[in-house]
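Chains as they are written, first to last, in this note's numbering: chain P, 120 to 403; chain W, 46 to 378.
No residue lacks a Cβ here, since even glycine has one placed at the ideal position from N, Cα and C.
Here's the structure, in C-alpha cells; my notes come after.
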Amino acid sequence: MPVYERGYTHWRPSGLKALPAWLVIARRGVTGPLKRRRILLLVLLAWIPAIVKGGIIYFRLKAGNLTDLLGAGWASIGPDGFLSFLEGQRFFVFVLLAVTGAGLIATDRREGGLTLYFSRPLSLVDYLAGKAGSVLFFYLLITLLPVYVLCLEAYLIAPGATGLTMLLAIPARATFYCLLSGVSITLVLLAFSSLGKRSIFVMVWWAIMITGTEALAAIGGGLGSRGMQALNFLGQYHNLGSLVFGTAPRIDVPAPVSLVMVLVWTALALAVLRRQVRPVEVVS
Amino acid sequence: MDGTVVKVNPATGGARAAIRVADLTFGYTRRTVLHGVSFTLEGGAVGLLGPNGSGKTTLLRCLLGQVPLQAGRVEVAGFDMARQARRARARLGWMPERGGVIPGMSGVGLVAYLGELAGMPARDAMQRAHEVLHYVGLADERYRMCEDYSQGMKQRLKLAQALVHDPAWLFLDEPTSGLDPRGRAAILELIADLAGNKGLGVVLSTHLLADVEAVCREILVLREGRLLARQEVDGKARQPRQVFEVEGFGDEAAFLAGLEQLGAEVTRDNRLQLVTLDLARLDGGEAVGGDGFDPAAGTGAILEVAAATGFALRRLRRRPVTLAEEFYTLVEG
Chain P
120 MPVYERGYTH
130 WRPSGLKALP
140 AWLVIARRGV
150 TGPLKRRRIL
160 LLVLLAWIPA
170 IVKGGIIYFR
180 LKAGNLTDLL
190 GAGWASIGPD
200 GFLSFLEGQR
210 FFVFVLLAVT
220 GAGLIATDRR
230 EGGLTLYFSR
240 PLSLVDYLAG
250 KAGSVLFFYL
260 LITLLPVYVL
270 CLEAYLIAPG
280 ATGLTMLLAI
290 PARATFYCLL
300 SGVSITLVLL
310 AFSSLGKRSI
320 FVMVWWAIMI
330 TGTEALAAIG
340 GGLGSRGMQA
350 LNFLGQYHNL
360 GSLVFGTAPR
370 IDVPAPVSLV
380 MVLVWTALAL
390 AVLRRQVRPV
400 EVVS
Chain W
46 MDGTVVKVNP
56 ATGGARAAIR
66 VADLTFGYTR
76 RTVLHGVSFT
86 LEGGAVGLLG
96 PNGSGKTTLL
106 RCLLGQVPLQ
116 AGRVEVAGFD
126 MARQARRARA
136 RLGWMPERGG
146 VIPGMSGVGL
156 VAYLGELAGM
166 PARDAMQRAH
176 EVLHYVGLAD
186 ERYRMCEDYS
196 QGMKQRLKLA
206 QALVHDPAWL
216 FLDEPTSGLD
226 PRGRAAILEL
236 IADLAGNKGL
246 GVVLSTHLLA
256 DVEAVCREIL
266 VLREGRLLAR
276 QEVDGKARQP
286 RQVFEVEGFG
296 DEAAFLAGLE
306 QLGAEVTRDN
316 RLQLVTLDLA
326 RLDGGEAVGG
336 DGFDPAAGTG
346 AILEVAAATG
356 FALRRLRRRP
366 VTLAEEFYTL
376 VEG
C-alpha cells in the first residue's frame, strides 16, 4: 500500500486553550529532568538542611527557648538565620543548576534544535523565558520553597511568638531575594550554556565560575584585597542578601558594589544570549 | 515575552496563500547572499535548485522570517515577513537539512511538543502527533527515543514535525539527504501526495534534480544569490533560446536561407536539422502574461518558412530538454 494512502487530514482545532510558548518550553525543561532518579535524589538531598533546620525550630519552640531562636545563626528563625540557610544551599544550587541547566541551550545548538524552535511562532524572549523558567524552578525548589515551609512551620507552632515577621516579612524578603538572585544566576548559567555545544564543557566552566571565583575571593580575603573579593560570584548575591534581609554584610565588599556586580553579570549574560541564540549560525 | 498565543490554522487548515518575494536582498556580515530576488508562488510543489552556496537555504530562512530582511519585501501566506513573521510561522512548516531532532524525547513527544510551540492546545498536539507519525510511516516507532532513530526515520520524523500544525506551506531543505533509494522514494511519495492531493504548498530545496523531477511542477534556479530562471518541469521551457528538430525534403538550401533570416542557427544531427531559435526575436515569442516564452511561436515561424520555400516537413518538434541539461546550461551560463 502506498505510504500516502495512510491518509493525511487537516487539523480541526478543538477550541481548547493553548499554553503560551514560553510555558511549554519551561514545562518541558522541568518535567524532563524530574523523570531522572539522580535529579530527584539531588533535590531530596538539597532538602536535608531544611529538614534539619525544621527539626531544630520544632524542638526549640516546643522547649520555649525563643531567645536562641531569634538570635543570629543558621538555626535561628530571624532574618540572619534564613539568609544563612540560603547561603548554605549554595552547594546544592551549584550542582542542581549545573545538572539541569547546563545542556538547555548547548544541546539545542549541538543538535540543530534552535532552527526548529524558531520555525515556530515564538520569539527570542519566549525561548529564553522558557529555558530560564525551568532553571528558576529548580533554584526556587531548593531555596525559596524550604524557606516558605520553615516560616509556615514556625508560625503554626508558635504564632504568637513569631507574629507577622514569620507570616509576611521573611517570606517577602526571601521571595524578593530569591527571585533577584535566581533570575540573575539563571541567566548567567544560560549564557554559559549558549557558549558551548556540550553540557560537560558548560558544567566545567560553571564550576570554574563558582569555585574559582570563590577561591580567588578567599585569597583576596587573606591579602585584604577588596577587589578580589568583589569577584566572588555567589558571594555577591549573598552580600546583596544581607541588604535585603537587613543583616551584616557577608563579605568585605559594600552591598552597592555587590549590586553593581550582579547587574553587570546579568547584563553580560543577556548580551551573550542575544548574540548566541539565533536560528541561524553565521560562520564568518 | 508577550504571552500571546498565536492561533493557528482555522478549520480551513492547509488553505493555500501565495508567497510573494520582491527585490529580496540579504547577506550575512559583509557577504551578500541574495541579490534582488523576486518571484511569486501560488501553490503546488516548487523546486529550488542551485549549486552549493547559491543561497537556497538562506532564501528559505528569509521565507520563514528567521533572519531580518535587509531590503525588499517578502509576503508569505498573506503576512509581511518583515513585521508579521511570528504570526506567519504558525502557518509554515520547516524541515531543516541538518539537525532538527531534539534528543531526550520520544518521536511522538517531540512532534507534540513542537505542535504546542506552534500554538496548538496540548491535547490537539498529541492527537495530531499520532496522526502525522502514522502518515509518515513511523506509527510503530513513535515511542522510541529520537536519538535512536535511523537516518531515514529521522527524515520522516522531521517531516512529521513540519506537518503537525497543518501548515499552508512546507519548506523542505534537502529532504532526501542521506537516504537509501527506498527511503528516498517513500519521502518523495509523501511530498508529492502533500502537494498534489492535500493542498499544501511545498518549496523543495535540493541539488538532486531527480527529486525535483519526481515531485515538482516548476523550478526556481538560483546561482550566486540571483534568480537565474523559473520554468516548468514538464518540458514547457520558458527559455528564449530553444532547439527544434526538423526533418523534411524539398529545396533545403532555400529553407535554410529562410531560417537564417529568422536569425536561426542550424546544425545537422544525422538526418535531423537542429534549428536553434531565439524566441525573444519572434513576433508572439513571449508567452501571454509575459511569463517566459511560447515554443508555439517557434514552430509557427518554421512552418511559415517551410511553406514559403516549398520544403515539405516530415518532422517538426521542440527538442525535449531534460531538467539536468537545462539546469547545467543555466548554471554554467
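Item	Value
Among W:R189, W:R275, W:A184 and W:T102, the one whose alpha carbon lies nearest that of C261 of chain W	W:R275
Neighbour list for G151 of chain P in chain W, Cβ cutoff strictly below 7 Å	G149
C-beta neighbour in chain W for A137 of chain P, strict 8 Å	yes
Backbone CA spacing between P55 of chain W and L161 of chain P [nearest angstrom]	Unreliable positioning characterises P55 of chain W in this predicted model, as indicated by a pLDDT of 40, which lies under 50. The coordinate reading is nonetheless provided below. Taking the straight line joining both Cα atoms gives about 45 Å.
DSSP bridge partner residues for M190 of chain W (one or two, in chain order)	W:S151
Coarse secondary structure for W214 of chain W, derived from DSSP in three states	strand
Exposure label - P290 of chain P; buried when at least 16 CB within 10 Å	buried
Neighbour flag for V247 of chain W against chain P, beta carbons, 8 Å	no
I170 of chain P in three-state terms, based on DSSP	helix
M380 of chain P versus A337 of chain P: straight-line alpha-carbon distance, rounded	18 Å
Residues within the region 178–191 of chain W neighbouring chain P, beta-carbon criterion of under 7 Å	H179, Y180 and G182
Proximity of K181 of chain P and P166 of chain W at Cβ, strictly below 8 Å	no
Secondary structure of V396 of chain P, DSSP reduced to three states	coil
Minimum length 4: unbroken alpha helix (DSSP H) runs contained in the region 240–318 of chain P	243–261, 263–276, 278–283 and 289–314
Residue from W:L319, W:E269 and W:R173 with nearest C-alpha to E292 of chain W	W:L319
8 Å Cβ cut-off: residues of chain W touching H357 of chain P	The premise fails here: H357 of chain P is roughly 29 Å from chain W at the closest Cβ pair, so nothing lies under 8 Å.
Three or more C-beta pairs below 8 Å linking the region 215–227 of chain P and the region 262–274 of chain P	no
Interface residues of chain W facing A225 of chain P [CB-CB closer than 9 Å]	The contacting residues do not exist; A225 of chain P stays about 12 Å from chain W at best.
Stretch pair the region 203–217 of chain W + the region 165–180 of chain W: three plus CB contacts closer than 8 Å	yes
F211 of chain P: contacting residues in chain W (beta-carbon distance under 8 Å)	Neighbours of F211 of chain P on chain W: none; closest Cβ ~23 Å, over 8 Å.
Contact with chain W by V363 of chain P, beta-carbon distance below 8 Å	no
Every unbroken beta strand (DSSP E) inside the region 217–260 of chain W [3 residues or more]	246–251
Short-range partners of chain P found in the region 154–174 of chain W, where Cβ spacing is below 8 Å	Y158, L159, E161, L162, A163, G164, M165, P166, A167, R168, D169 and R173
Residue range of the unbroken beta strand (DSSP E) whose run includes Y73 of chain W	I64 to Y73
Whole-angstrom distance between L163 of chain P and L69 of chain W, CA atom to CA atom	56 Å
Closer than 8 Å to chain W by CB, L235 of chain P	yes
Simplified DSSP state of M126 of chain W, which is helix, strand or coil	coil
Alpha-carbon spacing of L358 of chain W relative to G343 of chain W, whole angstroms	15 Å
Alpha-carbon to alpha-carbon, L243 of chain P and R393 of chain P	8 Å
Whole-angstrom distance between L239 of chain W and Y127 of chain P, CA atom to CA atom	8 Å
Own chain, CB closer than 6 Å to R364 of chain W, minus 5 neighbours either side, in chain order	V288 and E290
Three-state secondary structure assigned by DSSP to W130 of chain P	coil
Simplified DSSP assignment, three categories, for D406 of chain P	For chain P, the structure presents residues 120 to 403; residue 406 of chain P sits outside this window and is missing.
C-alpha gap between A140 of chain P and G354 of chain P, whole angstroms	34 Å
8 Å contact criterion, which G339 of chain P and Q348 of chain P should meet: CB distance rounded	5 Å
4-residue-minimum alpha helix (DSSP H) runs that sit fully inside the region 308–367 of chain P, ordered along the chain	318–326, 332–342, 345–348 and 352–364
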